[in-house]
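K.L.:
Protein chains in written order, with numbering that gives the first Met the number 0: chain P, 0 to 341; chain F, 0 to 341; chain E, 0 to 341; chain A, 0 to 341.
Note that beta-carbon positions come from the ideal geometry of N, C-alpha and C, so glycine has one too.
4 protein chains.
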Amino acid sequence: MERKLNAGIIGAGRIGRLHARHLNTRIANIRVKAVSDVIVKAAEECAAELGIPEYYSDYRQILEDPQIDMVFICSSTDTHAAIMEAAARAGKHIFCEKPIALDLDKIDRALEVVQKSGVKLQIGFNRRFDSNYRRIRDLIAAGELGEPHILKITSRDPAPPPIEYVKVSGGIFLDMMIHDFDMARFLIGDEVEEVYASGAVKVDPKIGEAGDVDTALVTLTFKNGVIGSIDNSRQAVYGYDQRAEVFGSRGMARSDNNTANRVQLSGPERVSEDLPLNFFMERYVDSYIEEVTQFVQCVKEDIPSPVSGKDGKYPVVMGLAAKKSLAEHRPVKLTEISLDLE
Amino acid sequence: MERKLNAGIIGAGRIGRLHARHLNTRIANIRVKAVSDVIVKAAEECAAELGIPEYYSDYRQILEDPQIDMVFICSSTDTHAAIMEAAARAGKHIFCEKPIALDLDKIDRALEVVQKSGVKLQIGFNRRFDSNYRRIRDLIAAGELGEPHILKITSRDPAPPPIEYVKVSGGIFLDMMIHDFDMARFLIGDEVEEVYASGAVKVDPKIGEAGDVDTALVTLTFKNGVIGSIDNSRQAVYGYDQRAEVFGSRGMARSDNNTANRVQLSGPERVSEDLPLNFFMERYVDSYIEEVTQFVQCVKEDIPSPVSGKDGKYPVVMGLAAKKSLAEHRPVKLTEISLDLE
Amino acid sequence: MERKLNAGIIGAGRIGRLHARHLNTRIANIRVKAVSDVIVKAAEECAAELGIPEYYSDYRQILEDPQIDMVFICSSTDTHAAIMEAAARAGKHIFCEKPIALDLDKIDRALEVVQKSGVKLQIGFNRRFDSNYRRIRDLIAAGELGEPHILKITSRDPAPPPIEYVKVSGGIFLDMMIHDFDMARFLIGDEVEEVYASGAVKVDPKIGEAGDVDTALVTLTFKNGVIGSIDNSRQAVYGYDQRAEVFGSRGMARSDNNTANRVQLSGPERVSEDLPLNFFMERYVDSYIEEVTQFVQCVKEDIPSPVSGKDGKYPVVMGLAAKKSLAEHRPVKLTEISLDLE
Amino acid sequence: MERKLNAGIIGAGRIGRLHARHLNTRIANIRVKAVSDVIVKAAEECAAELGIPEYYSDYRQILEDPQIDMVFICSSTDTHAAIMEAAARAGKHIFCEKPIALDLDKIDRALEVVQKSGVKLQIGFNRRFDSNYRRIRDLIAAGELGEPHILKITSRDPAPPPIEYVKVSGGIFLDMMIHDFDMARFLIGDEVEEVYASGAVKVDPKIGEAGDVDTALVTLTFKNGVIGSIDNSRQAVYGYDQRAEVFGSRGMARSDNNTANRVQLSGPERVSEDLPLNFFMERYVDSYIEEVTQFVQCVKEDIPSPVSGKDGKYPVVMGLAAKKSLAEHRPVKLTEISLDLE
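Following this line, the structure appears as structure tokens:
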């Protein structure tokens, strides 16, 4: 009989608890053995709620446990890179939430340590595991769209995050559009060469005062000549708007929003349906399960990670390029941000 | 801290294992303590797979365990009523798969024993917990449709069951349309007075030889004057077709099929989408979780069962009336089948 | 150069004016030469509005004009059969609005006169020329649905007609469902053998007092074993609801309502679209043009009429059978209504 | 009784004949009195086909006819401005196909002459009269979207035009995206300040050799801060793709493609619908009728033209700015193209 794997959760916030619950209830032959959080009470509560045997305030106690096979880095972004390095050195397989860091040097150094250590690394770009996006990618892979020509991604949140978060998150291109940058690479299967960013403050002037925009539209030029456009808004009153479209020489695929039901109401004034699923915890729940399932599988079967360290780095480069483009009001090549892009 | 409840599973087939898995992984503060099956090897395998401590060939061992709070009757239909009686006498709360029995006397007797015992009873009409049907019912309850006038239900399976099953199941009106009879009562919130059944053998002549039809259309007349129509087919080549529509004085609500994704492909010949989710294990998975969640909740909080014994009996009466209508080629009142319908 | 054909319009009401306008503006090489109406002022106004050279109170003046090639019988239903006979005897090709008559003897006699005369006859079942229904029929003809098994037609008006009309129209089965009876025969391409009708008074008690129902559901059994269901309501608050569905051994086709635009609005409470096109003048305008285009073509090219006299008779037989079924609360065979159904 | 107006058609090509037919059959109290074409045989055929009394090779004969109230300039683009000036001097109201010219000086001069003459001028941006775009604009005007933030327009042709046309048309930004530039102004109700254009040759290398791109994506920045994106392709294998979306502070409206029917086919492999209406003559036929109806109305009632000379100029400025942006690989302000933009 297969040995049961042990996981450690670093960071007992919303996303850490989500992964812990999925590991304990939705994935076979694995259990969460320990959870840590700098706020030890959070770790304790998480352990109690999910039946996790051990909890710590210091993640290093997890890394020192020889029974633990893999860790999930769900702490605040500024700690990701250092924990990743430590985990790699401790020989633990790593699932790390995005972004690895906002600083490319930190990312490069951490990825180098991981690579030398030989542990598995998967970055938490969960949308790659969503059935809509995956279906578009599969259609492309099956040749149903021919050669891609145009990519369009729409991503709008139901409400802006707290202004304190905006101040430290790196801004809309690094905390929000980063998912779409990853999706662009995932769908097209090629690297972006250049970005051109437009932005406006339309939702909340405080976001502007914090030095960010809340409405953004970025044009992407891929190496293979595909042209793409991503639009983001911090606030769509109708909920979480998550759509993509790829147009190619033989066809076009586009995804619409997921809804809680497929009921249509015809009344005296209109024909209507319910709003889209409201935010990422509802909209993307299946993708969170699937990404962790595949991570556990890649560890068990020693196969390549479906979202590599490079996949973690490039969207950060794209986000930094978009920021520079907006600031300098001109198209910016990714090589202006990092020369280390093979 | 809340005491953990214990459940026993009687019948380790597909639906028994489904409920056991959901109880162990998706519902808090309950665990499956024992499973039984007349084929003891099935019980053993189920126990191993799902980490259930005990397994038996005889369900009475479950009923004798004082630690077990509730049982799930998932054995073959002909055993439901007797087990239900025994479980009620043993003071166990009962979740019973549909139908209770094909024989009304058996149903009446079992329900009487249950009622006297005071245990909770829920019948496994899972579709009531599906988000589409629930949304329609909620719209009716909220007055969005006004007074209902017309009901339409479409229910078509992707492929017919084995002919051996058809021979013992009671036929299309009792093994398949029974779900739609329940749904009709659930959506309209009133009792059916009369049915008129049409049928044809279109899918497989063997079904006709077995004395059944594979294509059926039943007209329902409710006590409140609502007119309804249900159509069934044993085989829809495009998959599992599950739709409902209620038309009323102020509006109309209709549900469409669920699909695995919301992607549309525009190619040189057509605009297309993927087929509906193919069969009940995929299509209704969330409803199976929800029905068991609500059953556990009704036990814990001592509130009424959302699907009562009466809800288990009436669809059987309707199925028997439909059979009689088809045989005698005339509308049949439910009172011709059972006088005990208050 | 082709000779310009001349048409005469008998009855200057809404539908007569509609056909006249289409003949004068949408169809090549034909013009309306004369219009008649028992209310001569109506004929005069129609002539002035549409530039028709002649107008009369007596339709016989139209029939006596040797230059007139064809007549459009758009007068009140009770006059159709007599005018049809007179027109046939005068050697005029005939487009006759539905129904030919409510009395089968009248229909049979008129059709016999037409047949002997050799003139073309087309009955005004315009929905056959609608792009939605035609698409379903074409899919069937192309074998895309395999052998048909189940037919479903929904037909609901935005508001009931005046109660005075209901009293003389023959009732819901003859003035409203008659279109659906025709559609059933058109889509399935086979004859109905038996009907079973249910009905209720849900919209307006005055309709019940007039001896009619306003909500109806009819089960059809075709000779080839197809089972069908038609539902009608005199009042859908969301507008004109016109849908059909055919389910067969290889697939299913269904049509949805037409709308004025394809715009979807996502607001804070719902995702909505505009209501369906509100009534037959908007919804079916293209089919009215197409039916007349084909009638003119059948005259010009001496090809068979796309909607024959038989097509005019059968829906009346079905309507009378449905009335009898509702009255006697039992299934009624069409042969109980007319023996002359080859 | 109202006097019948007389129209003259200048240019008997596809679009000239279209307007002539609509004027003669779909609009009351107007007739086409004369048609001219440099290829006199084309004018003669058009006159014969549509029953136009007079035809000429020289448009000046139309301008000299005192009975003619208005002219439709449907000749080749390079002749529009000169004919417009002559028509204005002759006191004829002018409906002019787009674009007025590719040269801004010509446009400015022609518009000046028109303004001084006091005749009505309407530019043929027919899409403004399409029910989908108009519905979006009406929703904005009604405040349903709040303040607009993001605009997206997709416009893809079923097949590229002949390469000879591409060489003289001004290229994709002036012969194709010009419609979308107009639509952007129409929907948002504000002026564009700056454009940034990306482009690629993906459909046909000959288009690249002719100095043009066949795949283009342009970012628009409006004066009011709205950000927009327009994507064009010369070839969508699935037909004519015409969609728009406006996202605002209170909601989002988006239009989908029009189709010939609303039938959905569920087969063994997919659920499918027919392709969009294939090209502008089918897709936009109603808008062509509506634009001419409104032009005739603006002449009759002496009300402002719904598409002014300024509306004809601005999209040309935007097209020239997009060309410059693509050539110089940088955002370009409209004031770099023309200073005369109040």
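#1: Just reading off the beta strand (DSSP E) that A:ASP359 is part of, what are its end residues?
#2: Compare the C-beta of P:GLU281 with all C-beta atoms of chain F and state if any pair is closer than 9 Å.
#3: Counting pairs of Cβ atoms below 8 Å between the segment 188-204 of chain P and the segment 323-339 of chain P, do you hit three or more?
#4: Assuming P:ILE139 contacts P:ALA183 under a Cβ cut-off of 8 Å, what Cβ separation, rounded to an integer in Å, is found between them?
#5: How would you call P:TYR132, buried or exposed, if buried means at least 16 neighbouring beta carbons within 10 angstroms?
#6: Is P:LEU333 near the ligand PLP - that is, is its Cβ less than 8 Å away from at least one heavy atom of it?
#7: Under the three-state reduction of DSSP, which class applies to E:TYR313: helix, strand or coil?
#8: Quick one: any contact between the segment 92-99 of chain A and the segment 219-231 of chain A, if contact means 3 or more CB pairs under 8 Å?
#9: Among the residues of its own chain, which have a CB less than 6 Å from the CB of F:LYS323, if the five just before and after it don't count?
#10: E:ALA81 by DSSP, collapsed to three states: which one?
#11: Mind listing, in chain order, the continuous beta strand (DSSP E) runs of no fewer than 3 residues lying wholly within the segment 96-179 of chain P?
#12: For the candidate residues F:ARG253, F:GLN234, F:GLY266, F:ASN256, whose alpha-carbon lies nearest to that of P:VAL245?
#13: Please compile the residues from chain P whose C-beta is within a distance smaller than 7 Å of the C-beta of F:ASN257.
#14: Using three-state DSSP, classify F:VAL245 as helix, strand or coil.
#15: Distance check for F:VAL315 and P:ASP230, CA to CA, integer angstroms please.
#16: Would you say the segment 113-133 of chain P touches the segment 162-171 of chain P, given that touching needs at least three Cβ pairs under 8 Å?
#17: Check this for me: beta carbons of E:ILE93 and E:GLY318, under 9 Å apart or not?
#18: Report yes or no: do three or more beta-carbon pairs, one from the segment 276-292 of chain F and one from the segment 234-242 of chain F, lie closer than 8 Å?
#19: Hey, is P:ARG2's beta-carbon within less than 9 Å of any beta-carbon in chain F?
#20: So, with DSSP's three-state summary, where would you put E:LEU325?
#21: If you draw a straight line from the C-alpha of A:SER75 to the C-alpha of A:ILE9, how long is it?
#22: Which same chain residues, not among the five before or five after E:MET83, have their C-beta less than 8 Å away from its C-beta?
#23: Verify the CB distance criterion: does E:ALA252 have a CB-CB separation below 9 Å to chain A?
#24: Decide if the segment 248-264 of chain P is in contact with the segment 250-263 of chain A; the criterion is three or more beta carbon pairs, one per stretch, under 8 Å apart.
#25: What do you reckon, are the CB atoms on A:GLU290 and A:ASN125 nearer than 9 Å?
#26: Let me know the secondary structure DSSP gives P:ASP181 once reduced to three states.
#27: Report the three-state DSSP secondary structure of A:ALA209 (helix, strand or coil).
#28: So, E:ASN277 versus E:PRO204, is the Cβ gap smaller than 9 Å?
#29: Would F:GLU43 count as contacting chain P if we go by Cβ distances under 9 Å?
#30: Kindly indicate which three-state DSSP category E:GLU268 falls into: helix, strand or coil?
#31: Please list, in chain order, the chain P residues whose beta carbon lies closer than 7 Å to that of E:SER265.
#32: Any C-beta of chain D within less than 7 Å: which residues of the segment 304-322 of chain E qualify?
#33: Sort F:ILE149, F:ILE26, F:GLY308 by Cα distance to E:ARG233 and report the nearest one.
#34: Taking the beta carbon of A:HIS79 as the centre, do at least 16 other beta carbons fall within 10 Å, making it buried, or is it exposed?
#35: Go ahead and label E:ARG13 buried or exposed: buried means 16 or more other beta carbons lie within 10 angstroms of its beta carbon, across all protein chains shown.
#36: Within its chain, find whatever has a CB closer than 8 Å to the CB of A:MET0; leave out the 5 residues flanking it on each side and keep chain order.
P.N.:
Taking the geometry as given:
#1: Look at the range of chain A in this structure, 0 to 341, and you will see that residue 359 of chain A is not part of it.
#2: The sequence position of residue 281 of chain P within the first sequence is 282, counting from 1. For P:GLU281, the answer is no, since every Cβ of chain F falls outside 9 Å of its Cβ.
#3: yes
#4: On the first sequence, residue 139 of chain P is found 140 positions in, with the first residue counted as 1. On the first sequence, residue 183 of chain P is found 184 positions in, with the first residue counted as 1. Under the criterion of beta carbons closer than 8 Å, P:ILE139 and P:ALA183 do not qualify as touching, at roughly 13 Å.
#5: In the first sequence, the residue the question calls residue 132 of chain P occupies position 133. It counts as buried.
#6: Summarising the ligand content, the structure contains no ligands, and the ligand PLP is consequently not present.
#7: Here residue 313 of chain E corresponds to residue number 314 of the third sequence, with the count starting at 1. Note: E:TYR313 maps to helix in three-state DSSP.
#8: no
#9: One-based indexing of the second sequence puts residue 323 of chain F at position 324. Excluding sequence neighbours, F:LYS323 sits near VAL331.
#10: Taking the third sequence and counting its residues from 1, the one referred to as residue 81 of chain E is at position 82. Residue state, collapsed to three classes: helix.
#11: 120-122, 147-155
#12: Along the first sequence, read from residue 1 onward, the residue named residue 245 of chain P stands at position 246. Nearest C-alpha to P:VAL245 among F:ARG253, F:GLN234, F:GLY266, F:ASN256: F:GLY266.
#13: Here residue 257 of chain F refers to the residue found at position 258 when the second sequence is read from its first residue. Within chain P, the residues near F:ASN257 are ARG261.
#14: For the purposes of this step, residue 245 of chain F is taken as the residue at position 246 of the second sequence. Residue state, collapsed to three classes: strand.
#15: In the first sequence, residue 230 of chain P corresponds to position 231, counting from 1. In the second sequence, residue 315 of chain F corresponds to position 316, counting from 1. C-alpha of P:ASP230 to C-alpha of F:VAL315: approximately 55 Å in a straight line.
#16: no
#17: In the third sequence, the residue the question calls residue 93 of chain E occupies position 94. In the third sequence, the residue the question calls residue 318 of chain E occupies position 319. No; because the gap between Cβ atoms is not below 9 Å, this pair is not in contact.
#18: yes
#19: For the purposes of this step, residue 2 of chain P is identified with residue 3 of the first sequence, where counting begins at 1. P:ARG2 does not count as touching chain F.
#20: Numbered from 1 along the third sequence, position 326 holds the residue referred to as residue 325 of chain E. E:LEU325: helix per DSSP, three-state reduction.
#21: Along the fourth sequence, read from residue 1 onward, the residue named residue 75 of chain A stands at position 76. Along the fourth sequence, read from residue 1 onward, the residue named residue 9 of chain A stands at position 10. Rounded to whole angstroms, A:SER75 to A:ILE9 spans 10 Å at the Cα level.
#22: Here the question's residue 83 of chain E lines up with position 84 in the third sequence. ILE72, ILE93, CYS95, ILE99, ALA109, VAL112, VAL113, LEU120.
#23: Here residue 252 of chain E is taken as the residue at index 253 of the third sequence, counted from 1. It does; some Cβ of chain A falls within 9 Å.
#24: When Cβ pairs closer than 8 Å are counted between the two stretches, the segment 248-264 of chain P is seen not to touch the segment 250-263 of chain A, the count staying below three.
#25: For the purposes of this step, residue 290 of chain A is identified with residue 291 of the fourth sequence, where counting begins at 1. For the purposes of this step, residue 125 of chain A is identified with residue 126 of the fourth sequence, where counting begins at 1. Result yes, Cβ atoms of A:GLU290 and A:ASN125 sit closer than 9 Å.
#26: Locating residue 181 of chain P in the first sequence gives position 182, counting from the first residue. Correct three-state label for P:ASP181: helix.
#27: The residue given as residue 209 of chain A occupies position 210 in the fourth sequence. Reduced to three states, the DSSP call for A:ALA209 is coil.
#28: Translated into positions along the third sequence, residue 277 of chain E becomes position 278. Translated into positions along the third sequence, residue 204 of chain E becomes position 205. Taking 9 Å as the Cβ cut-off, E:ASN277 and E:PRO204 do not qualify as a contacting pair.
#29: Taking the first residue of the second sequence as position 1, residue 43 of chain F is located at position 44. F:GLU43 does not count as touching chain P.
#30: Position 269 of the third sequence, counted from the start, is the residue given in the question as residue 268 of chain E. Looking at E:GLU268 - three-state DSSP - the assignment turns out to be coil, as it is neither helix nor strand.
#31: On the third sequence, residue 265 of chain E is found 266 positions in, with the first residue counted as 1. The contacting residues are TYR237.
#32: In summary, chain D is missing from the structure at hand, where the protein chains are P, F, E and A.
#33: Counting from one through the third sequence, the residue named residue 233 of chain E turns up at place 234. It is F:ILE149 whose Cα lies nearest to the Cα of E:ARG233.
#34: Your numbering for residue 79 of chain A matches position 80 in the fourth sequence. Taking a 10 Å sphere around the C-beta of A:HIS79, we find 16 or more other C-beta atoms and assign the residue as buried.
#35: As a position in the third sequence, residue 13 of chain E is number 14, starting the count at 1. Exposed is the call here.
#36: The residue given as residue 0 of chain A occupies position 1 in the fourth sequence. Because the pLDDT of A:MET0 is 49, which lies under 50, any placement of that residue in the model is unreliable, and the question is left without a value.
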